[in-house]
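Asker:
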Amino acid sequence: MGPMTFAEKVFSSKVGREVRAGEVVVAEPDLCVSHDNSAYIWRSFLEMGASKIAHPERIAIFLDHAVPAPTPEHAENHRTIRELVRSQGIELFFDVDSRGGVCHQVVCELALAGPGDLVVGADSHTTTAGALGAFAAGVGRTEMASIWATGHTWFLVPESLRVELKGSFVDEMVGAKDLALRIASELGPDGADYLSVEFDGEGLRGLSISDRMTLCNMGAEVGAKSCSCRPDERLREHLSSRGKGFEPLWSDEGASYVGRLTYRLEEIEPMVALPESPSDAVPVREAEGMPIDQVLIGSCTNGRVEDLEVAARLLSGRRVSCRVLVIPASWGVYREALRRGILEALVDAGCVVCPPGCGPCMGNHMGVLAEGEVCLSTSNRNFRGRMGNPKAKVLLSSPATAAASAIAGYLVDPRSKRR
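Residue numbers for the sequence shown, in my numbering: -15 to 403.
#1: Would residue 168 and residue 265 be called neighbours here (beta carbons separated by less than 8 Å)?
#2: Which residues does DSSP list as the beta-bridge partners of residue 140?
#3: Could you check the C-alpha separation between residue 333 and residue 322 for me, to the nearest Å?
#4: Expressed to the nearest angstrom, what Euclidean distance is found between the alpha-carbon atoms of residue 326 and residue 109?
#5: Taking one C-beta from the segment 158 to 174 and one from the segment 122 to 135 each time, how about it: are there three or more such pairs within less than 8 Å?
#6: Do you know how far the Cα of residue 347 is from the Cα of residue 363?
#7: My assumption, with CB atoms under 8 Å, is that residue 454 sits in contact with residue 387. Please give the rounded CB distance.
#8: Alpha carbons only, please: which of 34, 44, 187 and 38 is nearest the one belonging to residue 16?
#9: Cutting at 8 Å between CB atoms, please list the residues of its own chain near residue 54, excluding the five before and the five after it.
#10: Thinking C-beta only, is residue 201 closer than 8 Å to residue 87?
#11: Short check: CB of residue 39 to CB of residue 19, under 8 Å?
#12: Taking C-beta to C-beta, are residue 271 and residue 380 nearer than 8 Å?
#13: Around the Cβ of residue 177, are there at least 16 other Cβ atoms within 10 angstroms (buried) or fewer (exposed)?
#14: On the three-pair Cβ rule with 8 Å, is the segment 241 to 248 touching the segment 145 to 165?
#15: Under three-state DSSP, which class holds residue 453?
#16: Could I get the ranges of all uninterrupted beta strand (DSSP E) runs contained in the segment 95 to 165, with 3 residues as the minimum, in chain order?
#17: State the CB to CB distance for the pair residue 309 and residue 330, rounded to an integer number of angstroms; the pair is presumed to be in contact (CB under 8 Å).
#18: Report the option in 64, 77 and 4 whose CA atom is closest to the CA atom of residue 30.
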């Protein structure tokens, strides 16, 4: 057996024999994630003639995209999901209550996945769980219905791209989101198409689990099938604190890659993605002065405690100059930010704190934009019409850049607003 990539090892483990990139295999996922789209999945499941989910213990369903329900149609959708959960005995169900939040956040927060696990989700940003050392990939809703029915699905074992991180961020105003946007600007929207992206290197060890989640989350914006971080002591501590075991699985020295990238973290600077693609990212200094109507601090990309804390440090004792929505990624984040006084500082600065969920990110809940408005968001996508109006514009940035720009009312380098 020659050296193997992480993806090759995961699928070899799942099918019980050595497999290589380019092979088509059938495997059983360890965790299957879905959200408000579960009602559609359920309808497809029934149309297939299925009646009983094969492995309900592997199913995790979250209500997160439109919560609380903003319309009767959304409410009916949620009711259908509650009924299927009851009828199928699904225990990992996160309703509109204070246990839940955005699916990708809660999966990592509760460590529902771990090193070497095979995770599928009916959402492209399922890649986020790669921060925990899992192989995590998005699948279509119809494909998820077939997995519910059979317990397995097919995979093309992907080729791999290695991303080595060196050094460390030298400024608290620069972070993982800036690195992710830098990578997107260089790879483009399909530069990692159907690749398994491996983050490794001594620079990775200095990144928090939150930082790693941001990196893996943004992998979907370069076309990656999966993004994963090398398991290390920091991950072991995260899993142990949640009562989970730690059995690391990673690639071998000498494994074959289609490409290798290296980034020195001290060279990363604040970045902003201009409309209408995350890959249209440039250093903030090249676009300073763009007027901002609304700022969104939240989402599965940057709605964690660390993100809100960075924003609060900048905004404490100051006043925002535009609308600012703060949406914690989960109720766990909300409670911790409340306990630390982070939410109080943000509210005192003029921010509006919304219930955990996806908010305006996909354009069907609170905070959508009017014609001609510009939103600076810490989310992951800024496609045309993404926040509900095709005649509005969305920029993407880190929480630090978003908070600093909220103070100014226009796009600024966050280093200019440091305390």
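For glycine and all other residues, C-beta sits at the position ideal for the given N, C-alpha and C. Treat the numbers as computed from the prediction; the structure is a model and nothing was measured.
Answerer: Reading it off the structure:
#1: Taking the first residue of the sequence shown as position 1, residue 168 is located at position 184. Taking the first residue of the sequence shown as position 1, residue 265 is located at position 281. It is a contact, given that the beta carbons lie within the stated cut-off.
#2: Within the sequence shown, the letter at position 156 stands for residue 140. The partner list for residue 140 (beta bridge, DSSP) reads 8.
#3: The sequence position of residue 333 within the sequence shown is 349, counting from 1. The sequence position of residue 322 within the sequence shown is 338, counting from 1. Whole-angstrom Cα-Cα distance: 15 Å.
#4: Along the sequence shown, read from residue 1 onward, the residue named residue 326 stands at position 342. Along the sequence shown, read from residue 1 onward, the residue named residue 109 stands at position 125. Going from the Cα of residue 326 to the Cα of residue 109 covers about 27 Å.
#5: no
#6: The count along the sequence shown starts at 1 and reaches residue 363 at position 379. The count along the sequence shown starts at 1 and reaches residue 347 at position 363. Cα to Cα, the separation comes out at about 12 Å.
#7: Outside the shown range of the chain, which is -15 to 403, sits residue 454, and nothing can be said about it.
#8: Taking the first residue of the sequence shown as 1, we reach residue 16 at position 32. When each option's Cα is compared against that of residue 16, the closest is 44.
#9: As a working note, residue 54 is residue 70 in the sequence shown. For residue 54, where only same-chain residues beyond five positions count, the Cβ hits under 8 Å are 348, 349 and 350.
#10: Position 103 of the sequence shown, counted from the first residue, corresponds to residue 87. Position 217 of the sequence shown, counted from the first residue, corresponds to residue 201. Taking 8 Å as the Cβ cut-off, residue 87 and residue 201 do not qualify as a contacting pair.
#11: Here residue 39 refers to the residue found at position 55 of the sequence shown. Here residue 19 refers to the residue found at position 35 of the sequence shown. Their beta carbons are not under 8 Å apart, which means residue 39 does not touch residue 19 by this criterion.
#12: Residue numbering aside, residue 271 sits at position 287 when the sequence shown is read from its first letter. Residue numbering aside, residue 380 sits at position 396 when the sequence shown is read from its first letter. No. Outside cutoff.
#13: Translated into the one-based positions of the sequence shown, residue 177 becomes position 193. With fewer than 16 Cβ atoms within 10 Å of its Cβ, residue 177 is classed as exposed.
#14: yes
#15: What is shown of the chain runs -15 to 403, which leaves residue 453 out entirely.
#16: 102 to 105, 119 to 122, 137 to 140 and 144 to 150
#17: Looking up residue 309 in the sequence shown gives position 325. Looking up residue 330 in the sequence shown gives position 346. Between residue 330 and residue 309 the Cβ distance is about 10 Å, and since that is not below 8 Å, they are no contact.
#18: Position 46 of the sequence shown, counted from the start, is the residue given in the question as residue 30. Here the closest residue by C-alpha is 64.
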